[in-house]
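Chemist:
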Amino acid sequence: MPKVHLLDTVSGNIRSLVNAIERVGFEIEWIQSPEDLAAAERVIFPGVGHFGHCMETLSKAGYTEPLKSFINSGKPFMGICVGLQALFTTSEESPSTPGLGIIPGTLRLFDPATKSVPHIGWNSAITIEGTEGSFYGLRPHSKYYYVHSYAAPVDDSLLADGWDVATGVYGEEEFVGAIGKGNVFATQFHPEKSGVAGLRVLKAFLNDVRISPLPDIRTAEPAQKSESRELTRRIIACLDVRTNDQGDLVVTKGDQYDVREKSAEGTGQVRNLGKPVELAKRYFEDGADEITFLNITSFRNCPLADLPMLEILRQTSETVFVPLTIGGGIKDLIDPDGAVHSALEVATLYFKSGADKVSIGTDAVIAAEEYYASGESLSGKTAIETISKAYGNQAVVVSVDPKRVYVASPSATQHTTIKTAFPGPHGEEYCWYQCTIKGGREGRDMDVHQLVKAVGAMGAGEILLNCIDKDGSKSGFDLELIDAVKGAVRIPVIASSGAGVPEHFVEVFQKTGSDAALGAGMFHRGEYTVRQVKEYLARKGLLVRDVEE
Ligand code: 1PR
Numbered sequence: 001m002p003k004v005h006l007l008d009t010v011s012g013n014i015r016s017l018v019n020a021i022e023r024v025g026f027e028i029e030w031i032q033s034p035e036d037l038a039a040a041e042r043v044i045f046p047g048v049g050h051f052g053h054c055m056e057t058l059s060k061a062g063y064t065e066p067l068k069s070f071i072n073s074g075k076p077f078m079g080i081c082v083g084l085q086a087l088f089t090t091s092e093e094s095p096s097t098p099g100l101g102i103i104p105g106t107l108r109l110f111d112p113a114t115k116s117v118p119h120i121g122w123n124s125a126i127t128i129e130g131t132e133g134s135f136y137g138l139r140p141h142s143k144y145y146y147v148h149s150y151a152a153p154v155d156d157s158l159l160a161d162g163w164d165v166a167t168g169v170y171g172e173e174e175f176v177g178a179i180g181k182g183n184v185f186a187t188q189f190h191p192e193k194s195g196v197a198g199l200r201v202l203k204a205f206l207n208d209v210r211i212s213p214l215p216d217i218r219t220a221e222p223a224q225k226s227e228s229r230e231l232t233r234r235i236i237a238c239l240d241v242r243t244n245d246q247g248d249l250v251v252t253k254g255d256q257y258d259v260r261e262k263s264a265e266g267t268g269q270v271r272n273l274g275k276p277v278e279l280a281k282r283y284f285e286d287g288a289d290e291i292t293f294l295n296i297t298s299f300r301n302c303p304l305a306d307l308p309m310l311e312i313l314r315q316t317s318e319t320v321f322v323p324l325t326i327g328g329g330i331k332d333l334i335d336p337d338g339a340v341h342s343a344l345e346v347a348t349l350y351f352k353s354g355a356d357k358v359s360i361g362t363d364a365v366i367a368a369e370e371y372y373a374s375g376e377s378l379s380g381k382t383a384i385e386t387i388s389k390a391y392g393n394q395a396v397v398v399s400v401d402p403k404r405v406y407v408a409s410p411s412a413t414q415h416t417t418i419k420t421a422f423p424g425p426h427g428e429e430y431c432w433y434q435c436t437i438k439g440g441r442e443g444r445d446m447d448v449h450q451l452v453k454a455v456g457a458m459g460a461g462e463i464l465l466n467c468i469d470k471d472g473s474k475s476g477f478d479l480e481l482i483d484a485v486k487g488a489v490r491i492p493v494i495a496s497s498g499a500g501v502p503e504h505f506v507e508v509f510q511k512t513g514s515d516a517a518l519g520a521g522m523f524h525r526g527e528y529t530v531r532q533v534k535e536y537l538a539r540k541g542l543l544v545r546d547v548e549e
């Protein structure tokens, strides 16, 4: 097998990239010291997380000058995500830390006043006319997976300086999605997470097949909606996983979080809807934009290294090239032999096994309670803070499990209420959303507004907004809840719970500002496929990522 050198100084989810490179027929050789760079023929540098942290790690390990020399030697170099950003002069994320300075310019924070930040999801990388000679495998109608808060603005001086630029559009901002000149090629998006379109880019770079000039379609009237240059509507397939009574790891699905079959005799077996790795692969092939695994029983009393979800992720990441999120049990853990592991260690193990994001439920509520008890001061020690500091806030999702508490009037509670169009059992016209922990089994004296504000302050990158009242109901998402949460935070919100038909996805995107929508039961039961949902959205004029074969 031909080889490529991989420089991984800032460890994150490198497994997906390794799997993607192997998938397109190349073998990895690791760069283990700065001296190895001199002998390398082709290098990929997948930076992750914080710009300053990445540059400082490179510098401390002695890589800065050897990396510049490699790039200046004319041998093929590819940067990914922060690996692209590292090529620039500076970043607003860490103004005092210099980048490699190969490309003139400063990375800027997306404007959070007008849209959710980070920018998460599938967007374009469309070449500006006449500038495609340094690119590999990019197609104007393909969508690529981005996750970042800072980006390089599109600047004429880049073009004047001979850089080829491909762009995406987020809200009112146009940003650099890919950039290249001579031997340098870099993508802000993650090719290893961009399905078939991303594998095509990697394969072309590794085989040195540059794209031939393509027309500039930025100003052309899109022939189809899917040609539009913006973020698509993200559809996420969610798999709740646990062991059943026979000891097998299964995908299950509850009604209001009760996952046992109902029978005349009472409570029955845990519902078994399939095998996690198989189902994830099916949803990927069907066009799911992301896959989320929720380990709903957290495998208490299991040593960290033996957690079954680690193997599920390892296997899934071999065939699924879209982002993978893992939730359940992300907190400080004590092994049965007494060994203590921090939440950061737990998350690290998941990232190394193929996860791109971790989702935190119970521990986030406890941390938020402590945040308010301490007068809204940050301890720096919570799982959210430590993981987002190490891996970037885009890697930390907070999964919220709220349920409605009806009240006759707002004055009946100290919590933030909404006036609901669906009154309570005694005609109550108001409700607040109570946060729960331990899979909905325990309600806390905290409302969803308080929770999302606190976790936003701690550095969470995204909210996975479940709703216990709606879970498994097939009656549509709780639009009132989603509206309330969108109004309270700037980070992206994933709508979850209640999807039963494709129309529910259209409704949630048209009537709320939700950034993504998640379905579970309707996919597992085979009532609709992800592809059918996306086709329906497209027919209704909503932009979705086409499934590429
Ligand atoms: O608290 O950090 O250990 O995380 C536990 C995680 O497991 C949380 O994310 C929590 O939401 C989840 N969880 C715990 N118990 C259950 C349960 O069902 N008994 N599942 C559970 C939550 C809810 C959704 C579901 C949607 C869509 N599952 O993710 O997939 O409601 O379903 P639908 O489309 O079929 O309506 P921690």
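Numbering (full-length UniProt numbering), first residue to last: 1 to 549. Virtual Cβ for every residue (Gly too), placed ideally from N, Cα, C.
Tell me which residue opens and which closes the alpha helix (DSSP H) that residue 372 is part of.
Modeler: Taken as a continuous stretch (DSSP letters only), the alpha helix (DSSP H) holding residue 372 covers 362-373.
Chemist: Could you give the distance in angstroms between the alpha-carbon of residue 378 and the alpha-carbon of residue 44?
Modeler: Taking the straight line joining both Cα atoms gives about 37 Å.
Chemist: Quick one: is the Cβ of residue 257 within less than 7 Å of any heavy atom of the ligand 1PR?
Modeler: Indeed, a heavy atom of the ligand 1PR lies less than 7 Å from the Cβ.
Chemist: Let's test the definition: count the other Cβ atoms within 10 Å of the Cβ of residue 267 and tell me whether it reaches 16, buried, or not, exposed.
Modeler: Exposed is the call here.
Chemist: Confirm, please, whether the CB-CB distance from residue 489 to residue 453 is below 8 Å.
Modeler: Yes, Cβ-Cβ distance for residue 453 and residue 489 is below 8 Å.
Chemist: Do you know how far the Cα of residue 152 is from the Cα of residue 220?
Modeler: Below a pLDDT of 50, predicted positions are generally treated as unreliable, and residue 220, at 46, falls in that range; the measurement from the model is reported next regardless. Rounded to whole angstroms, residue 220 to residue 152 spans 24 Å at the Cα level.
Chemist: Could you say if the segment 289-309 and the segment 329-349 meet the contact criterion of at least three C-beta pairs nearer than 8 Å?
Modeler: These segments touch.
Chemist: Using C-beta distances below 7 Å, list every residue in its chain close to residue 71, excluding the 5 sequence neighbours before and after it, in chain order.
Modeler: Closer than 7 Å at Cβ, skipping near neighbours: 77, 102, 184.
Chemist: May I ask you to check if the CB of residue 302 is nearer than 7 Å to at least one heavy atom of the ligand 1PR?
Modeler: No, the beta carbon of residue 302 sits no closer than 7 Å to any heavy atom of the ligand 1PR.
Chemist: List the residues that DSSP assigns as beta-bridge partners of residue 267.
Modeler: Looking at the DSSP assignment, residue 267 forms a beta bridge with 262.
Chemist: Which residue from 424, 4, 461 puts its Cα closest to that of residue 204?
Modeler: Comparing Cα positions, the closest option is 4.
Chemist: Could you work out which residue in 476, 463, 491 is closest to residue 503 when comparing CA atoms only?
Modeler: Ranking 476, 463, 491 by Cα distance to residue 503 puts 476 first.
Chemist: Looking at the unbroken beta strand (DSSP E) that takes in residue 185, where does it start and where does it end?
Modeler: Taken as a continuous stretch (DSSP letters only), the beta strand (DSSP E) holding residue 185 covers 184-187.
Chemist: From residue 568 to residue 42, what does the alpha carbon distance come to, in whole angstroms?
Modeler: It is not possible to answer for residue 568, since the shown part of the chain is limited to 1 through 549.
Chemist: Hey, would you say residue 235 sits closer than 8 Å to residue 288, going by beta carbons?
Modeler: In contact: residue 235 and residue 288 (Cβ atoms closer than 8 Å).
Chemist: Is the beta carbon of residue 494 sitting closer than 8 Å to the one on residue 518?
Modeler: Yes; because the gap between Cβ atoms is below 8 Å, this pair is in contact.
Chemist: List the whole-angstrom C-beta distance separating residue 79 from residue 186, where the pair is believed to meet the contact cut-off of C-beta under 8 Å.
Modeler: At roughly 4 Å, the Cβ-Cβ gap stays under 8 Å, so residue 79 and residue 186 are in contact.
Chemist: Here's a check: name, in chain order, each residue in its chain whose Cβ is nearer than 7 Å to the Cβ of residue 28, leaving out the five neighbours to either side.
Modeler: Cβ neighbours of residue 28 beyond the five flanking positions: 4, 6, 18, 21.
Chemist: Evaluate residue 30 with the Cβ neighbour count: other Cβ atoms within 10 Å of its Cβ, from every protein chain shown; 16 or more gives buried, anything less gives exposed.
Modeler: Burial call: exposed.
Chemist: State yes or no: is the C-beta of residue 354 within less than 8 Å of the C-beta of residue 13?
Modeler: Their beta carbons are under 8 Å apart, which means residue 354 touches residue 13 by this criterion.
Chemist: If we count the other Cβ atoms within 10 Å of its Cβ and call it buried at 16 or more, is residue 426 buried or exposed?
Modeler: Its Cβ having fewer than 16 others within 10 Å, residue 426 is exposed.
Chemist: Could you tell me if residue 422 is buried or exposed, where buried requires 16 or more neighbouring beta carbons within 10 angstroms of its beta carbon?
Modeler: Looking at its Cβ environment, which holds fewer than 16 other Cβ atoms inside 10 Å, residue 422 is exposed.
Chemist: Going by Cα to Cα distance, which pick from 150, 424, 447, 470 is closest to residue 498?
Modeler: Ranking 150, 424, 447, 470 by Cα distance to residue 498 puts 470 first.
Chemist: With a threshold of 7 Å, establish whether the CB of residue 466 neighbours any heavy atom of the ligand 1PR.
Modeler: Yes - the ligand 1PR has a heavy atom lying nearer than 7 Å to the Cβ of residue 466.
Chemist: Which residue wins for smallest C-alpha separation from residue 112, given the options 506, 73, 486?
Modeler: Closest by alpha carbon: 486.
Chemist: Beta strand (DSSP E) containing residue 463: first to last residue?
Modeler: Note, residue 463: beta strand (DSSP E), 462-465.
Chemist: Should residue 365 and residue 312 be called a contact, given that it needs their Cβ atoms to be closer than 8 Å?
Modeler: No, the pair does not count as a contact, with Cβ atoms beyond the cut-off.
Chemist: Please find out if some non-hydrogen atom of the ligand 1PR comes closer than 7 Å to the beta-carbon of residue 420.
Modeler: Flag unset: Cβ of residue 420 not near the ligand 1PR.
Chemist: With respect to 7 Å, is the separation between the Cβ of residue 401 and the closest non-hydrogen atom of the ligand 1PR below this value?
Modeler: Yes, the Cβ of residue 401 comes within 7 Å of a heavy atom of the ligand 1PR.
Chemist: Since residue 261 and residue 269 should fall inside the 8 Å C-beta cutoff, what is the C-beta to C-beta distance between them, to a whole number of angstroms?
Modeler: Right, the Cβ-Cβ distance comes to about 5 Å (below 8 Å), so this counts as a contact.
Chemist: Examine the Cβ distances between the segment 454-469 and the segment 391-398 and report whether three or more of them are shorter than 8 Å.
Modeler: Yes, the segment 454-469 touches the segment 391-398.
Chemist: Going by the beta-carbon positions, is the gap between residue 321 and residue 195 smaller than 8 Å?
Modeler: Yes, the Cβ-Cβ distance between residue 321 and residue 195 is below 8 Å.
Chemist: Is the beta carbon of residue 155 within less than 7 Å of some heavy atom of the ligand 1PR?
Modeler: No; taking the cut-off as 7 Å, the Cβ of residue 155 has no heavy atom of the ligand 1PR nearer than that.
Chemist: For residue 116, count neighbouring Cβ atoms within 10 angstroms of its own Cβ and tell me buried if that reaches 16, exposed if not.
Modeler: Residue 116 should be labelled buried.
Chemist: Is residue 496 near the ligand 1PR, judged by its Cβ being under 7 Å from some heavy atom?
Modeler: Yes; taking the cut-off as 7 Å, the Cβ of residue 496 has a heavy atom of the ligand 1PR nearer than that.
Chemist: How is residue 127 classed by DSSP in three states: helix, strand or coil?
Modeler: In the structure shown, residue 127 sits in a strand (DSSP, three-state: E or B).
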